[in-house]
Amino acid sequence: MTGLFLSLSPLGLSFWDSGSNWYWKTLYGPSRRGELFARVLPLIPRESRVASTDFVHPRFTHHERSYDYSGYARKVAGNTTGVPDDTDFLVIDTNHRYSEIQSADQIPEYRDHPDQWKLLPVETDGYFIVLKRNR
Numbered sequence: 001m002t003g004l005f006l007s008l009s010p011l012g013l014s015f016w017d018s019g020s021n022w023y024w025k026t027l028y029g030p031s032r033r034g035e036l037f038a039r040v041l042p043l044i045p046r047e048s049r050v051a052s053t054d055f056v057h058p059r060f061t062h063h064e065r066s067y068d069y070s071g072y073a074r075k076v077a078g079n080t081t082g083v084p085d086d087t088d089f090l091v092i093d094t095n096h097r098y099s100e101i102q103s104a105d106q107i108p109e110y111r112d113h114p115d116q117w118k119l120l121p122v123e124t125d126g127y128f129i130v131l132k133r134n135r
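Positions 1 to 135 (my numbering) are the ones given, in order, by the sequence shown.
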């Protein structure tokens with residue numbers, strides 16, 4: 001009986017309730033964030049090395065390199081939380097529930113080395129920040 005009320009499947013009432021957080025369209029339909037990400041992806045050439053936050057990271061796994069950008073130290077970044085030296089682009093999803101970065105000046109690479117990074121002007125209503133390394 002619990003499955004009738006709490007299930008994320010079509011067997012649960014909340015799956016069909018448009019006021020529920022578990023409504024099928026909310027869970028599986030296109031979101032505003034997904035629509036806006038479509039403006040970001042064409043800016044990043046496939047031969048690029050990209051560091052990105054968790055929720056968009058899978059979209060870059062077919063690029064030359066795809067690095068996780070998080071608060072964890074990584075061997076590929078010299079056991080620091082920064083990006084590897086060969087990173088060409090940095091993509092931050094500011095709108096996912098765990099995002100601690102809301103603006104470009106909160107990104108250490110951009111804040112501490114503004115001469116090395118360019119903020120790309122992409123219209124995403126603040127959902128994404130895209131930085132390109134100056135080479």
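Where is the CB? At the ideal position from N, CA and C, for every residue including glycine.
Within the DSSP secondary-structure output, W24 pairs in no beta bridge. Taking 3 residues as the shortest admissible run, the stretch 47-127 contains the following complete beta strand (DSSP E) segments, listed from N- to C-terminal end: 49-52, 65-68, 89-93, 117-119. If the five residues before and after R46 are omitted, its C-beta is found closer than 8 Å to the C-beta atoms of H62, H63, E64, all from its own chain and listed in chain order. The bridge partners DSSP lists for L131 are L90, L119.
About 15 Å separates the CB atoms of G82 and P114; that is not less than 8 Å, and the two are not in contact.
Relative to V130, the option among Y23, L41, G29, R32 whose CA is nearest is L41.
About 7 Å separates the Cβ atoms of S70 and T53, confirming a contact at the 8 Å cut-off. DSSP, read as helix, strand or coil, puts G12 in coil.
Per the coordinates, the alpha-carbon of R133 lies some 10 Å from the alpha-carbon of R49.
Taking a 10 Å sphere around the C-beta of L90, we find 16 or more other C-beta atoms and assign the residue as buried.
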